[in-house]
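Plus 613 on top of the position in the sequence shown (first one is 1) and you've got this note's numbering.
Yeah, the Cβ is synthetic: ideal placement off N, Cα and C, and Gly gets one too.
Just so you know, these numbers come straight off a predicted model, no measurement behind them.
Before any comments, here is the structure.
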Amino acid sequence: MNERKGAKNIASIQKDILDSLHKGEIESANLVEWLAIDPVILIKNFLTKNNRNKYYSKIVNRVDSLKKKSVTSINEAIGEELLIQTKLNSDEELFDLLAKAKSDSLRNIAAYFIGKDDSLTQKEVFQKIKPFANDSHFGVREIAWLTTRPILQMNLEKGILILEKWSHSKSEFERRFASEISRPRGVWCKHIEELKINPDLALPILEPLFSDPSKYVRDSVGNWLNDAGKTKPDFVKRLVTKLSQESKTKETEYIIKKATRNL
């Protein structure tokens with residue numbers, strides 16, 4: 614992970630830094646830098662470097678067809694189109710080139726390959742996304758759950774059984790993934806209506822995390838319960854009452870405070 618602090622606004626990003634970001638030579642240091650990257654320029658440089666210019670016109674057409682253009686929607690469209698092209702051209706190597714790239718934005722595109730591949734089973738999707746869920750860059754970890762969240766919703770019951778095992782992982786990133794992907798509301802994503810109505814369905818994921826040593830995980834769990842409280846406040850009230858009686862740790866207290874901030 615790059616230790617640069619990054620610019621405070623897009624206008625203050627140094628030209629050499631922006632050039633390096635567009636060439637895929639460095640990672641974005643913060644959200645400002647990530648938003649400053651033009652994904653089309655980045656992927657053009659990547660394809661040129663790897664002798665795959667034949668895919669570029671397809672990408673431009675796909676991006677031009679978008680009704681709403683944002684960094685996220687463009688990256689998603691690029692990932693979808695390149696997935697199609699790899700299958701049409703039997704170009705399995707392209708995924709590995711993206712997945713191992715220095716650029717976090719290029720690794721994001723590789724993650725979209727997994728979430729958009731309808732030939733994979735739900736179990737295969739979650740297995741293949743693990744390296745991205747464990748990526749050193751915060752942005753890649755966010756895209757990892759964003760791109761696979763619809764897969765969870767396709768079969769929520771089986772998905773929860775898979776993610777329950779993630780909640781027991783030694784990796785704080787995997788534990789956080791299990792919580793974040795299943796949030797009833799979440800950020801920058803469609804709501805999971807079934808969990809808004811029946812948040813208790815996700816307790817197998819949440820229960821192992823109620824006294825998690827990682828603040829990264831605790832923040833997600835607290836936000837999960839805050840989401841649930843917007844539609845099922847009684848569920849959250851009952852749960853935090855139980856937690857306050859059964860777990861006296863400072864970690865649990867932290868989650869309770871975050872979970873009940875809007876009740």
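task = Just mark I722 as buried or exposed, buried being the case when its beta carbon has 16 or more other beta carbons within 10 Å.
result = Within the sequence shown, numbered from 1, the residue matching residue 722 stands at position 109. By the 10 Å Cβ count, I722 comes out buried.
request  = Give the straight-line distance between the Cα atoms of Q698 and Y668, rounded to the nearest whole angstrom.
outcome  = As a first step, residue 698 must be located in the sequence shown, where it is residue number 85. As a first step, residue 668 must be located in the sequence shown, where it is residue number 55. Each residue's Cα considered, the two are about 7 Å apart.
query = Is I805 near Q858, with beta carbons less than 7 Å apart?
reply = As a working note, residue 805 is residue 192 in the sequence shown. As a working note, residue 858 is residue 245 in the sequence shown. Not a contact, by the Cβ cut-off of 7 Å.
task = Whole angstroms is fine: what's the gap from G692's alpha carbon to H750's?
result = Translated into positions along the sequence shown, residue 692 becomes position 79. Translated into positions along the sequence shown, residue 750 becomes position 137. C-alpha separation (whole angstroms): 18 Å.
message = On the criterion of 16 or more Cβ atoms from any shown chain inside 10 Å, does S703 qualify as buried, or is it exposed?
response = As a working note, residue 703 is residue 90 in the sequence shown. Counting Cβ neighbours within 10 Å, S703 comes out exposed, since fewer than 16 surround it.
ask   = What residue ranges within the region 722 to 760 form continuous beta strand (DSSP E) runs of no fewer than 3 residues, ordered along the chain?
value = none
key: For N658, the nearest candidate out of V753, D813, A714 and Y725 (CA to CA)   = Mapped onto the sequence shown, residue 658 falls at position 45. Taking N658 as reference, the option from V753, D813, A714 and Y725 with the minimal CA-CA separation is A714.
ask   = For V800, does the three-state DSSP call read helix, strand or coil?
value = Residue mapping note: residue 800 aligns to position 187 of the sequence shown, counting from 1. Looking at V800 - three-state DSSP - the assignment turns out to be coil, as it is neither helix nor strand.
key: Straight-line gap, I742 to G772 (C-alpha atoms, nearest Å)   = Taking the sequence shown and counting its residues from 1, the one referred to as residue 742 is at position 129. Taking the sequence shown and counting its residues from 1, the one referred to as residue 772 is at position 159. If I take the Cα positions, the gap works out to 14 Å.
task = Kindly examine the ligand PLP and report whether one of its heavy atoms sits closer than 6 Å to the Cβ of S749.
result = Annotation note on the ligand PLP: not contained in the displayed structure, which lists no ligands.
ask   = Any contact of the region 814 to 831 with the region 787 to 800, i.e. 3+ C-beta pairs under 8 Å?
value = Touching, per the Cβ criterion.
query = Distance, Cα to Cα, L759 vs V753?
reply = Your numbering for residue 759 matches position 146 in the sequence shown. Your numbering for residue 753 matches position 140 in the sequence shown. About 10 Å.
task = Kindly list the residues whose CB is nearer than 6 Å to the CB of R796, restricted to its own chain and excluding five residues on each side of it in sequence; keep chain order.
result = Mapped onto the sequence shown, residue 796 falls at position 183. Excluding sequence neighbours, R796 sits near W837 and D840.
query = D632 by DSSP, collapsed to three states: which one?
reply = Stepping through the sequence shown from its first residue, residue 632 is reached at position 19. Three-state DSSP puts D632 in a helix.
query = Around the C-beta of L876, are 16 or more other C-beta atoms found within 10 angstroms, so that it is buried, or is it exposed?
reply = The residue labelled residue 876 in the question sits at position 263 within the sequence shown. That one is exposed.
key: Cβ-based neighbour list, I818, same chain, cut-off 7 Å, excluding 5 preceding and 5 following   = In the sequence shown, counting from the first residue as 1, residue 818 sits at position 205. Closer than 7 Å at Cβ, skipping near neighbours: I773, L776, E777, S780, A791, S792 and S795.
ask   = Which residues in the same chain have their Cβ closer than 7 Å to the Cβ of K636, if we skip the five residues on either side of it in sequence?
value = Your numbering for residue 636 matches position 23 in the sequence shown. Excluding residues within five positions, the ones whose Cβ falls inside 7 Å are N658.
request  = Excluding the 5 residues preceding and the 5 following L631 in the sequence, name in chain order all residues of the same chain whose CB lies nearer than 6 Å to its CB.
outcome  = Working through the sequence shown from its first residue, we reach residue 631 at position 18. Sequence-distant partners of L631 (beyond 5 residues in either direction) whose C-beta falls short of 6 Å from its own C-beta are missing from its chain.
ask   = When you compare only the Cα positions, how much space is there between V738 and A746?
value = Start at 1 with the first residue of the sequence shown, and residue 738 comes out as number 125. Start at 1 with the first residue of the sequence shown, and residue 746 comes out as number 133. For V738 and A746, the distance between alpha carbons rounds to 12 Å.
key: Cut-off 6 Å between Cβ atoms - residues of its own chain near D748, not counting five sequence neighbours on either side   = Sequence index remark: in the sequence shown, residue 748 carries index 135 (1-based). Same-chain partners within the cutoff: R754.
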